[in-house]
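Chemist: Numbered as in this note's numbering, the first sequence ends at 1712 without a single skipped number.
Backbone N, C-alpha and C define an ideal beta-carbon position, used for all residues, glycine too.
Quick caveat, the model's predicted, so the values are computed rather than measured.
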Amino acid sequence: MPELPEVEVVRRGIDRWATGRPIAGVEVRYPRSIRRSPGGVAAIRDALVGDSFRCASRRGKYLWLPLTHKADLALVVHLGMSGQVLMQPRDAQDEKHLRVRIAFADDDREMRFVDQRTFGGLYLDELRSGLPTTIEHIARDPLDPLFDADATARAIRRKDTEIKRVLLDQSVVSGIGNIYADEALWRAKLHGRRPTGRLRQPRVRELLSHARDVMDAALGEGGTSFDSLYVNVNGESGYFDRSLDAYGREGEPCHRCGAPMRREAFMNRSSFRCPRCQPTPR
DNA sequence: CGCGCCTCCTGTGTGC
DNA sequence: TGCACACAGGAGGCGC
């Protein structure tokens, strides 16, 4: 489940291997994967073929690849639940869930978008002040140099809801998904259902620091290599088993106090917490 | 207006 | 053995 660290690894891979190369062709194997792209595959082809990706940018879980010559256009990439971007030799066998293929004129490895559950996709978008118009509502993420922790903490406290909901609200702070939300809450010793308005500003700042730290640590471990299978949908990536303190640890001892970790339904998904370190709010 | 639930999607695991 | 169903969850959309 790609959250910020996984997406950043993909960004670096694209930046390293796919930018500056003349694009020769686009093949869409599964139209649903470009459903958000105005004009469909024809418009993508018109824009991309003959141009090149200038760089790979990211905000939260969104990637975008601005074009070199059409400077106001970018290809936006969202991995959704199960998306992968792979650089593969042209003659490598198609992946089972290969959705889109982008070939380069220099003929050295093509870029493939592979996505089992098809929540992700690729689409063309216009840039406004360097940002795709469709992600203007996405807030800066905690690893962004311009991330304003004070302002974000204030925005969080203004919300009339529970703390985990806000951590997952990409318009308040981006890049955090279910896994890193649980990890940050565990580090901060906070229950996800704590009402935001009842948390003091320094507590919220602390929580945001933990979110940044845990994502930074995951990024440091880097997942596996970019050119083979990066994150498989079964969660078998490099760092998963090693460094998680909360997510997926139902029944296992809390790494801090030893109490058996609990799993609870929350927002139609699972939340994991320590019943002793993160007690239920009254 | 803002909060929160529903839905989309498919492979895997589990229980009967 | 095979079927049915729960589960994984990012995020847009919509109802209240």
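(1) Beta-carbon separation of Asp1638 and Thr1591 under 8 Å?
(2) Taking all protein chains shown into account, do 16 or more other C-beta atoms lie within 10 angstroms of the C-beta of Ala1472, making it buried, or fewer, making it exposed?
(3) Tell me where the beta strand (DSSP E) around Gln1546 begins and ends.
(4) Does the distance from the C-beta atom of Asp1506 to that of Val1479 stay below 8 Å?
(5) Could you tell me the distance, in whole angstroms, from the CA atom of Glu1728 to the CA atom of Ala1533?
(6) Could you give the DSSP three-state label for Leu1573: helix, strand or coil?
(7) From Ala1477 to Arg1451, what does the alpha carbon distance come to, in whole angstroms?
(8) According to DSSP, is Thr1449 part of a helix, a strand, or is it coil?
(9) Thinking C-beta only, is Glu1682 closer than 8 Å to Arg1692?
(10) Got a sec? Which residues, its chain only, sit under 6 Å from Arg1459 by beta carbon, not counting five neighbours each side?
(11) Check the DSSP bridge columns for Ser1701 and list the partner residues they point to.
(12) Spatial neighbours of Lys1594 within its chain, please: C-beta separation below 6 Å, excluding the five flanking residues on both sides.
(13) Roughly how many angstroms separate the alpha carbons of Ile1586 and Met1517, rounded to a whole number?
(14) Would you decide whether Val1440 is buried or exposed? Buried here means 16 or more other CB atoms lie within 10 Å of its CB.
(15) If we count the other Cβ atoms within 10 Å of its Cβ and call it buried at 16 or more, is Thr1710 buried or exposed?
(16) What three-state label does DSSP hand Leu1629 in the structure shown?
(17) Under three-state DSSP, which class holds Val1458?
(18) Starting from Tyr1492 and walking both ways along the beta strand (DSSP E), at which residues does that stretch end?
(19) Between Trp1494 and Asp1580, what straight-line distance do the alpha-carbon atoms span, to the nearest angstrom?
(20) Count the other C-beta atoms from every protein chain shown that fall within 10 angstroms of the C-beta of Thr1626, then say buried if there are 16 or more, exposed otherwise.
Modeler: Quick answer:
(1) Note that residue 1638 is Leu in the sequence shown, not Asp. For the pair Leu1638 and Thr1591, the CB atoms are not nearer than the 8 Å cut-off.
(2) Exposed, since its Cβ has fewer than 16 Cβ neighbours within 10 Å.
(3) In this chain, Gln1546 is not harboured by any beta strand (DSSP E), its DSSP state being neither H nor E.
(4) As written in the sequence, residue 1506 is Val, which differs from the Asp given in the question. Cβ distance not < 8 Å, so Val1506 and Val1479 don't count as in contact.
(5) Given a span of 1431 to 1712 for the chain in the structure shown, any question on residue 1728 remains unanswerable.
(6) coil
(7) 14 Å
(8) DSSP places Thr1449 in strand when its eight states are reduced to three.
(9) Taking 8 Å as the cut-off, the Cβ atoms of Arg1692 and Glu1682 do not count as close.
(10) Excluding residues within five positions, the ones whose Cβ falls inside 6 Å are Leu1528, Arg1529.
(11) Glu1694
(12) Ala1611, Gly1622
(13) 39 Å
(14) buried
(15) exposed
(16) coil
(17) strand
(18) 1492-1496
(19) 27 Å
(20) buried
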